[in-house]
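Inspection log for the structure reproduced underneath, given as structure tokens.
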């Protein structure tokens, strides 16, 4: 056997245990792990490894395991340790292994070793507990941590400063903040490490504990001086709280102490300035760091730019990294890529986003869940929903954020039904939606008027405690209102712990779309009584409510007060509401005066409000004049063509109506088909005019014919002017009978018990004939029928609609 420093080992064939120990001691001195592995190989080949149960052999293996731990070969150390026939009764080697796994993971292995240690009768020491408790912290294993705390207490070690500090850290990181503070206050000796553990633990749980964390910092300075580690723990919670004043004070403290030379501290300060919307200071720090910047620093700068909407600058910084990559050690991490992808999403820069996706695949980063979710969101926000679906289906792992991104994507692209389907898959997969997902899915229920699904979402929100959040309650108010349950919407509003301006605005507009103008005004007055300051959206909601309830005087009053008393400059949306209000009342001279005195040019929406009223009042002359203005500006949709054609058809000017339709087709505008839907048993059933695709189409048509016979007995006559084709009167009646809202109502009558109300939603404005017919339907069926059209809600009861034929 010969061994020289830096030279290869040469072995005799037969070595004694003493020889192996001598070799290992040499390996310890040199720290050459390859030499240690050669000794291990020789031991395996030339000794009776499995059958040797002597104490000396066990000691040799323990020494070999120790060597592997020192050389950071933890897996090999554990394999050798498992082969030791007589496990050491001393806790030293056990502690070393537990320590290695508690620092590097897998953390469960540290816990397994601890319990194995107890099974072998080895008594833990004051050095064991800090290591195993660190593993509990990493795993958020509160129950295991409490059990280990009990073990330490039995051994009288829980009062040791290292053990008690580890306990404070474990309880704080596991969310038991009261227990953590209690243990900390009972510590006889509190060093800087103990203070840092407490501050880091509270800081970890976000801005909700900001005041408490800052209180601890003040108390800490009475006994010990904060270190750079203290600052590293403190800066993130200052950033979350957006407290720029304190952030600057922390930065100044770091400068005085020289902590600014620490790249981790400087990166944290940079990130804090970015999140506090002080991008100039963030950039200044970034530039001053020079070559000291690491990959986290670059990511923080990109994140700061994205947060502050400097999206092009964020992409430039990323290109700088790519330019440096060959000449400097700057790793492109998942976090960096995710920040850049967010910038692409906000810029709807699909080309760069796709390039980043390709880079992630080539770099092997595409399996990262956080990056995957960001890519998913990018595709959805860029409107490429097919790619988003494909990528979503390919993802190996999905979490709440993944499903939430898909739900938001479908909603942004106008597919509420698919959004609800994804939500259902999410629940079936066992993944619980978070707050953001609930806020995204409730508008899908609102859009479809899917009351039963919305109510289930409300129940889920209650169980998860989400109803304490104002944003969820606001979404619930909107959902119930758009599902026709205005009373339920008000109940949610009244039960809220705290209403913000969005809550009041949502409730006011809810009353408006239901034609409950006086309720909207009363709620607005309550708002003023409570000392809340209305914003411009409040007045849009209020004027809308006045318009849809015919409250002309009230609308005029608040429009004036808005400017004179609340000093809110009217936007185009306010003028649209006022134009609509006056036009619906037939006050065309006042409308014209209002439009002529607007501080900006009226747009298509303003003229469309006047045009709709011309149709209602059969004012053909003014309608033609307004129509020409709309054509010059460029019509937004097919709606204005339909209204003009409707006006001509109503007075029998079929040639003029035909010319409008020809012009409509020539400009590429197609008439949007009327579509109505109704929710029965949690399933949404959709109908279009003349629809025969429904499985129960024959029964629905038969029911409609029966209803037609009944309502004719009560005096109903079809309003043939609402048929835009030049056909015989009898054929017009047939066309009107199978309008989509009538089909949906007939299906509701067939499917629901006689005491159940019917809610139908339509994508367009309900036609005049259907409006008349539904009054009769409500009378003969002796039930409430609600129709939500593109304009408002119509509540039919006992042959009367609450819109008073004013819509």
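Numbering (the working numbering), first residue to last: 11 to 817. Just so you know, even glycine gets a beta-carbon here, dropped at the ideal spot from N, CA and C. Note that the structure is a prediction, hence the values are computed from the model and not measured.
Residue i - partner residues in DSSP beta bridges
| i | result |
| --- | --- |
| residue 811 | 806 |
| residue 686 | 697 and 772 |
| residue 797 | 770 and 804 |
Nearest candidate by alpha-carbon position, reference residue i, set the options
| i | options | result |
| --- | --- | --- |
| residue 476 | 183, 461, 447 and 393 | 447 |
| residue 550 | 518, 532 and 746 | 518 |
| residue 754 | 764, 478, 689 and 805 | 689 |
| residue 458 | 168, 798 and 557 | 798 |
| residue 422 | 388, 438, 407 and 439 | 388 |
| residue 233 | 199, 154 and 252 | 199 |
| residue 111 | 101, 72, 88 and 126 | 88 |
| residue 119 | 92, 96, 135 and 136 | 92 |
| residue 507 | 256, 484, 410 and 308 | 484 |
| residue 240 | 253, 50, 251 and 267 | 267 |
| residue 346 | 106, 376, 761 and 37 | 376 |
| residue 691 | 583, 785 and 465 | 465 |
| residue 259 | 272, 273, 290 and 227 | 227 |
| residue 626 | 463, 593 and 520 | 593 |
| residue 163 | 151, 760 and 135 | 135 |
| residue 172 | 206, 723 and 467 | 206 |
| residue 686 | 669, 554 and 800 | 800 |
| residue 443 | 468, 364, 425 and 414 | 414 |
| residue 511 | 222, 547, 694 and 333 | 547 |
Min CB distance residue i to chain D below 8 angstroms
| i | result |
| --- | --- |
| residue 750 | No chain D is part of this structure, which consists of one protein chain only. |
Between the CA atoms of residue j and residue i - distance to the nearest angstrom
| i | j | result |
| --- | --- | --- |
| residue 320 | residue 284 | 11 angstroms |
| residue 236 | residue 242 | 10 angstroms |
| residue 524 | residue 812 | 8 angstroms |
| residue 349 | residue 315 | 9 angstroms |
| residue 748 | residue 711 | 8 angstroms |
| residue 757 | residue 470 | 30 angstroms |
| residue 132 | residue 98 | 8 angstroms |
| residue 395 | residue 419 | 7 angstroms |
| residue 665 | residue 672 | 10 angstroms |
| residue 556 | residue 591 | 7 angstroms |
| residue 197 | residue 45 | 47 angstroms |
| residue 121 | residue 188 | 25 angstroms |
| residue 432 | residue 616 | 38 angstroms |
| residue 814 | residue 504 | 29 angstroms |
| residue 514 | residue 540 | 12 angstroms |
| residue 174 | residue 126 | 23 angstroms |
| residue 1 | residue 270 | Absent from the structure is residue 1, since the part of the chain shown begins at 11 and ends at 817. |
| residue 707 | residue 783 | 20 angstroms |
| residue 578 | residue 544 | 9 angstroms |
| residue 808 | residue 795 | 10 angstroms |
| residue 274 | residue 159 | 32 angstroms |
| residue 580 | residue 496 | 29 angstroms |
| residue 250 | residue 317 | 12 angstroms |
| residue 356 | residue 385 | 12 angstroms |
| residue 154 | residue 113 | 18 angstroms |
| residue 343 | residue 407 | 19 angstroms |
| residue 129 | residue 427 | 56 angstroms |
| residue 449 | residue 803 | 23 angstroms |
| residue 564 | residue 817 | 18 angstroms |
| residue 353 | residue 330 | 15 angstroms |
Residue i Cβ short of 7 angstroms to the ligand COA heavy atom set
| i | result |
| --- | --- |
| residue 254 | No copy of the ligand COA occurs in the structure displayed, which carries no ligand at all. |
Point to revise | Any 3 or more C-beta pairs closer than 8 angstroms across the stretch 495 to 505 and the stretch 773 to 787 | key: no
Exercise for review: Would you be able to state if there are at least three C-beta pairs under 8 angstroms between the stretch 785 to 801 and the stretch 693 to 700?
Suggested key: no
Exercise for review: Within the stretch 431 to 498, note down every full alpha helix (DSSP H) run reaching 4 residues or more, in order along the chain.
Suggested key: 445 to 458, 461 to 473 and 480 to 492
Review point. Between the stretch 717 to 724 and the stretch 762 to 770, do three or more beta carbon pairs fall short of 8 angstroms?
Key: no
Review point. Residue ranges of each alpha helix (DSSP H) run of no fewer than 4 residues wholly in the stretch 380 to 419, ordered along the chain?
Key: 395 to 404
Review point. Along the chain, which unbroken stretches of the alpha helix (DSSP H) at least 4 residues long are found entirely within the stretch 172 to 203?
Key: 187 to 195
Check your understanding: Does the stretch 590 to 603 touch the stretch 571 to 581, meaning 3 or more C-beta pairs lie closer than 8 angstroms?
Key -> no
Practice item. Report the residue ranges of all alpha helix (DSSP H) runs contained in full by the stretch 509 to 543; include only those spanning at least 4 residues, in chain order. Key: 511 to 523 and 527 to 539
Review point. Counting pairs of beta carbons, one from the stretch 209 to 216 and one from the stretch 172 to 190, are three or more of them closer than 8 angstroms?
Key: yes
Point to revise | Secondary structure, alpha helix (DSSP H): runs of 4+ residues fully inside the stretch 295 to 377 | key: 305 to 317, 321 to 334, 344 to 357 and 360 to 372
Practice item. Only counting runs of 4 or more residues, tell me where the alpha helix (DSSP H) segments fall wholly within the stretch 86 to 130, in order along the chain. Key: 101 to 114 and 117 to 129
Practice item. Could you say if the stretch 143 to 151 and the stretch 163 to 171 meet the contact criterion of at least three C-beta pairs nearer than 8 angstroms? Key: no
**Study point:** Ordered list of alpha helix (DSSP H) runs contained in the stretch 214 to 256, each at least 4 residues
**Key:** 220 to 230 and 238 to 250
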